[in-house]
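Participant: Got a structure here, written out as structure tokens. Questions coming.
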Amino acid sequence: MTLLQFKEFLVEFRANPLTKKNQQYTEQFIRLINDLQERKLEDSAINRLENELDLLHQNFEIYGHKTQVKKEYHKLLKFLKRELKLTPNYYYTQIGILIGGLAALVFGFFFLFIGMLVGGFLGFYLDNCVQKRGESLRIDWDGHFC
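Okay, structure coming up:
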């Protein structure tokens, strides 16, 4: 199945979707197909892409309007990344943000722990200094922060 045929199929499918979510993903699918049509792909890449589109079309025919368009859309994106080395905009930016956030979380807890230890030792030192000068009361303070 060619890109043009698959696009026409998606346009017909979009006309009466089962859910609004399917309609949104069908529109994204059509935009992806338009982008692929504008690219200058090699003949071998086009053949592999058309074979993948045949498989996707069969899934659409088997499940009809109950097809989960999102799942099929992501299958095509995975195929494009794996086989043709094509990725969506900001793909690596999103992965970098995720990894950076996880690193900040891990290092944040680590430095939080270090900060609590330093603060505890500093407070203990200051309490000892006050006790040595005789400026502390012999009562426990009930207004603890911890």
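Note that our numbering has the sequence shown beginning at 1377, numbered continuously upward. By construction, the Cβ of each residue, glycine as well, lies at the ideal position given by its N, Cα and C atoms.
Just the Cα atoms here: how many angstroms apart are THR1443 and THR1469?
Facilitator: 30 Å
Participant: Between the Cα of TYR1466 and the Cα atoms of LEU1460, LEU1474 and GLU1459, which residue gives the shortest distance?
Facilitator: LEU1474
Participant: What is the DSSP secondary structure of SER1420, reduced to helix, strand or coil?
Facilitator: helix
Participant: Three or more C-beta pairs closer than 8 Å, one from the segment 1419-1435 and one from the segment 1472-1487: is that the case here?
Facilitator: no
Participant: Distance cutoff 8 Å, beta carbons only. Does LEU1462 sit that close to anything in chain B?
Facilitator: The question asks about chain B, but that chain is absent: this structure has only one protein chain.
Participant: With three or more beta-carbon pairs closer than 8 Å as the criterion, would you say the segment 1444-1460 touches the segment 1390-1410?
Facilitator: yes
Participant: State the Cα-Cα distance for the pair GLY1491 and ASN1504, rounded to the nearest angstrom.
Facilitator: Going from the Cα of GLY1491 to the Cα of ASN1504 covers about 20 Å.
Participant: Which same chain residues end up closer than 6 Å to LEU1445 when comparing Cβ atoms and leaving out the 5 residues on each side of it in sequence?
Facilitator: In the sequence as presented, Leu is not what sits at residue 1445; that position holds Val. If we look at VAL1445 and ignore the five residues flanking it on each side, its Cβ neighbours are ASN1398, TYR1401 and THR1402.
Participant: Classify ILE1473 as helix, strand or coil using the three-state DSSP reduction.
Facilitator: helix
Participant: Exposed or buried, what is LEU1513 when buried is set at 16 or more other beta-carbons lying within 10 Å of its beta-carbon?
Facilitator: exposed
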